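Each residue of the first sequence is one higher than the last, beginning at 3 in the numbering used here.
C-beta atoms are modelled at their ideal positions from N, C-alpha and C, and glycine is treated no differently.
Keep in mind that this is a model prediction, so the values were computed, not measured.
To keep things clear, I will list the structure first and then write my remarks on it.
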Amino acid sequence: MTIQHRVKEFIQAVTLNTVDFKLEVPTQASFGHYSTNLALVLAKKEGKSSLEVAKELVDKLEKADDGKLFKKIEVAGPGFVNFWLNPEVLATEFKKFNPEKLPKSGNKEKVIIEFSSPNIAKPMHVGHLRSTIIGDSLARIYEALNFRVIRWNYLGDWGTQFGKLIAAYKKWGSEESLEKDPINHLLQLYVRFTKEIEGDKDLEQLGRDEFKKLEDGNKENRKLWKKFRQLSLREFAKTYSNLGIKKFKIEKGESDYQKNLPGVVKELKEKNIAKKSEGALIIELKDLPPALIQKSDGASLYFTREIAALEDRSAQAQKIFYVVGNEQSLHFQQLQAVSELIKLPIKIEHIKYGLVLNEEGKKISTRKGEAIQLSELLDKAVEKAKIIVSKKNPSLKEDQINSIANAVGIGAIKFNDLKENRVSDIRFDWDKMLDINGDSGPYLQYTYARLNSILQKGGKQANNAEELKENMEISIVKKLLDFPDVVMLCQESNLTSHLAKHLLDLAHTLNSYYESVPVLSAPKDKKSARLYLVKKANQVLEAGLCLLGIDTPGQI
RNA sequence: GUCCCUGUAGUUCAACGGAUAGAACGACUCCCUUCUAAGGAGUAGAUCUGGGUUCGAUUCCUAGCAGGGACACCA
Numbered sequence: 003m004t005i006q007h008r009v010k011e012f013i014q015a016v017t018l019n020t021v022d023f024k025l026e027v028p029t030q031a032s033f034g035h036y037s038t039n040l041a042l043v044l045a046k047k048e049g050k051s052s053l054e055v056a057k058e059l060v061d062k063l064e065k066a067d068d069g070k071l072f073k074k075i076e077v078a079g080p081g082f083v084n085f086w087l088n089p090e091v092l093a094t095e096f097k098k099f100n101p102e103k104l105p106k107s108g109n110k111e112k113v114i115i116e117f118s119s120p121n122i123a124k125p126m127h128v129g130h131l132r133s134t135i136i137g138d139s140l141a142r143i144y145e146a147l148n149f150r151v152i153r154w155n156y157l158g159d160w161g162t163q164f165g166k167l168i169a170a171y172k173k174w175g176s177e178e179s180l181e182k183d184p185i186n187h188l189l190q191l192y193v194r195f196t197k198e199i200e201g202d203k204d205l206e207q208l209g210r211d212e213f214k215k216l217e218d219g220n221k222e223n224r225k226l227w228k229k230f231r232q233l234s235l236r237e238f239a240k241t242y243s244n245l246g247i248k249k250f251k252i253e254k255g256e257s258d259y260q261k262n263l264p265g266v267v268k269e270l271k272e273k274n275i276a277k278k279s280e281g282a283l284i285i286e287l288k289d290l291p292p293a294l295i296q297k298s299d300g301a302s303l304y305f306t307r308e309i310a311a312l313e314d315r316s317a318q319a320q321k322i323f324y325v326v327g328n329e330q331s332l333h334f335q336q337l338q339a340v341s342e343l344i345k346l347p348i349k350i351e352h353i354k355y356g357l358v359l360n361e362e363g364k365k366i367s368t369r370k371g372e373a374i375q376l377s378e379l380l381d382k383a384v385e386k387a388k389i390i391v392s393k394k395n396p397s398l399k400e401d402q403i404n405s406i407a408n409a410v411g412i413g414a415i416k417f418n419d420l421k422e423n424r425v426s427d428i429r430f431d432w433d434k435m436l437d438i439n440g441d442s443g444p445y446l447q448y449t450y451a452r453l454n455s456i457l458q459k460g461g462k463q464a465n466n467a468e469e470l471k472e473n474m475e476i477s478i479v480k481k482l483l484d485f486p487d488v489v490m491l492c493q494e495s496n497l498t499s500h501l502a503k504h505l506l507d508l509a510h511t512l513n514s515y516y517e518s519v520p521v522l523s524a525p526k527d528k529k530s531a532r533l534y535l536v537k538k539a540n541q542v543l544e545a546g547l548c549l550l551g552i553d554t555p556g557q558i
């Protein structure tokens, strides 16, 4: 159990669990280690003066604690109660502190995290980046807290667009170009096709016909589609490897649910959930626009496949998190509504994030071929990092430089997204994306490397937590001990930004600490305590960055 | 047109109904003969506009204004 939990339980016991209150780590050190609004809540409920209630509360708490857990409990501001832990309590906790061991709050609950979800035959672009790295990080966090996580890549591998693509390939495609650079060749075909549709409306119909043939099992179309899919997956695997994304447990696409569709449609009809409208089959929903599940020509739609996929998922987990952009809010509201109608035993949560807009602030269109490819972005980031690494640290060998540049470049990109809780859209900005100064991933990697360097020189003597008496040291100890609570907060809120901010805050304090306090040249009694602090701090940085999917090179 | 999201320093973002609205970048001062200056110590600088609820509103409600997104045979 973390200290924060102990404190909360203590307060609950004293107040006999009668009200809901918050216990938080205040932003300012002068407000103590923990702070609660309990007195304010109580005062409101009972119509009393908040300061009086707070004073009574402090008396009660002090009597019950008798100086065991707390050094000081104090009323502050409009009626907050602030707590300062006993230094001995901190020291005892710190001695046995191990950031690798997080609370097992997940209790092996099964959750599906669906993320990344690229479209076959199209390059992954910056839009997929957010889903991929947020999803990967959340999965790591859930896993660390003992949830059973199913990482699911739901591939966009079915639909009319493949009819268009097949039509385009038959018209202009080349086997040679397909082998050489599959995704770009397919992209070019697709872009050309959508362009020519504007001047030739028959093409539109041709695309639909080819898709219908694919759905009906036409051999040639089936073969082409399989090939496109296979080649695309190979390309995606490269990108995931470059990004350091852990392996997906399941890579099932829309096509995998094709065979379930007649059953799903039949069931929806029989239960009178779906009905005909303007030739198509729809589900009417309360307070929402209707969901379309079958075209007038009988072909399936995205939504139908989603229902089939959800049925499959509900057999495997109690909860599913869709890490998908804001733009699909309506879709998931509809899915949620349908899930309730057919009574699927699974909880749905849409983890949304803002779109990445182009430099003019408009939605990026893949059809027009203007998307920035993910591989291009990653290459640029690593290249930029390489220039900096070789300048800062010229004595390194070539392969060391490459591996550090990789960690730093990718780390910069990932942290940039993970530190923010953006539901509003963001404008794509090369400089911002690749920034390594200030509040960035590389700043944390730099801090890690510096601490690591100290430990290389004297780490063996790190074995004593007793002598940490300076204010800054106690404040660092407290921040380190907060780490498990922060990870749990990320899980509860599905936000990685809490962890990112916590690590930044820790790193700032650490940089300031070793700037002013010598470690290796400290007097003997203090040296081993300071080394112990450095060692634990580094473990937290390493564990925290790992949860964000960011590497920590020993030197940079 | 309807619905959803967002509006905080010059810029990009924090703030769980509460305490003196926090950072970073950029600007300006300082600090490398001391464990990596990818750093540290400072200065200046902000809640879109009305109304309301509350002891207390950046946060909740409401009416505007501004930007973005979604809304039937795309995924």
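Phe334 carries a helical assignment under DSSP once its states are collapsed to helix, strand and coil. Here Leu550 has Ser139, Lys416, Phe417, Leu420, Thr498, Leu501 and Ala502 as same chain residues with Cβ atoms under 7 Å from its own Cβ, once five neighbours each way along the sequence are excluded. Around the C-beta of Glu342, fewer than 16 other C-beta atoms lie within 10 Å, and the residue is accordingly described as exposed.
For Glu198, the enclosing alpha helix (DSSP H) starts and ends at Pro184 to Ile199. Contiguous alpha helix (DSSP H) elements confined to the segment 350-402 occur at 376-394, taking only those with 4 or more residues.
Gln336 and Asp289 have their C-alpha atoms some 10 Å from each other. When C-alpha distances from Lys254 are compared across Gln402, Thr38, Leu491 and Gly158, the shortest belongs to Gly158. In this model, Arg231 and Lys399 are separated by some 39 Å (Cα to Cα). DSSP places Trp174 in the helix class (H, G or I) of the three-state scheme. Sixteen is the threshold: since fewer than 16 other Cβ atoms of the shown chains lie within 10 Å of the Cβ of Ser523, the residue is exposed.
Bounds of the beta strand (DSSP E) holding Ile285 are Ala282 to Leu287. Taken atom to atom, the span from the alpha-carbon of Gly411 to that of Asp553 is near 10 Å.
Here Ser37 carries a strand assignment [DSSP, helix/strand/coil]. Between Ser377 and Phe250, the gap from beta carbon to beta carbon reaches 9 Å or more.
Positions of the alpha helix (DSSP H) runs, each at least 4 residues long and wholly inside the segment 92-165, are given as 128-146 in order along the chain. Under the 10 Å beta carbon count, Lys173 is surrounded by fewer than 16 other beta carbons and is classified as exposed.
Burial of Glu237 is indicated by the presence of at least 16 other C-beta atoms within 10 angstroms of its C-beta.
The three-state reading of DSSP puts Leu483 in helix, counting H, G and I together. The three-state reading of DSSP puts Leu294 in strand, counting E and B together. Counting the other Cβ atoms within 10 Å of the Cβ of Ala169 gives 16 or more, which makes it buried. Counting only unbroken stretches of 3 or more residues, the beta strand (DSSP E) elements lying wholly within the segment 210-263 are 252-255, in sequence order. The alpha carbon of Met3 has as its nearest neighbour, out of Leu505, Lys354 and Lys98, the alpha carbon of Lys98. Val77 carries a strand assignment under DSSP once its states are collapsed to helix, strand and coil.
Non-local C-beta neighbours of Ile438 in its own chain, meaning closer than 6 Å and more than five positions away in sequence, comprise Ala414 and Pro444, ordered along the chain. Asn423 and His333 have their alpha carbons spaced roughly 22 Å apart.
Within the same chain, Cβ atoms closer than 7 Å to the Cβ of Leu59 are found at Leu40, Ala41 and Val83, the five residues on either side in sequence being excluded. The alpha helix (DSSP H) runs of length 4 or more contained entirely in the segment 524-554 are, from start to end of the chain, 526-549. For Lys46 and Asp22, the gap between their C-alpha atoms comes out near 12 Å. Judged by beta-carbon spacing, Lys124 lies within the 9 Å limit of Leu188, meaning their Cβ atoms are closer than that value.
Taking 9 Å as the cut-off, the Cβ atoms of Ala545 and Phe485 count as close. Under DSSP, Phe85 forms a beta bridge with Tyr36 and Ile75. Using a 10 angstroms sphere on the CB of Ala464, the tally of other CB atoms reaches 16 or more, which defines it as buried. Distance from the Cα of Val384 is smallest, within the candidate group Ser397, Ile403 and Lys394, for Ile403. Residue pairing from DSSP places Ser279 in a beta bridge opposite Ala282. DSSP places Glu472 in the coil class of the three-state scheme, outside both helix and strand.
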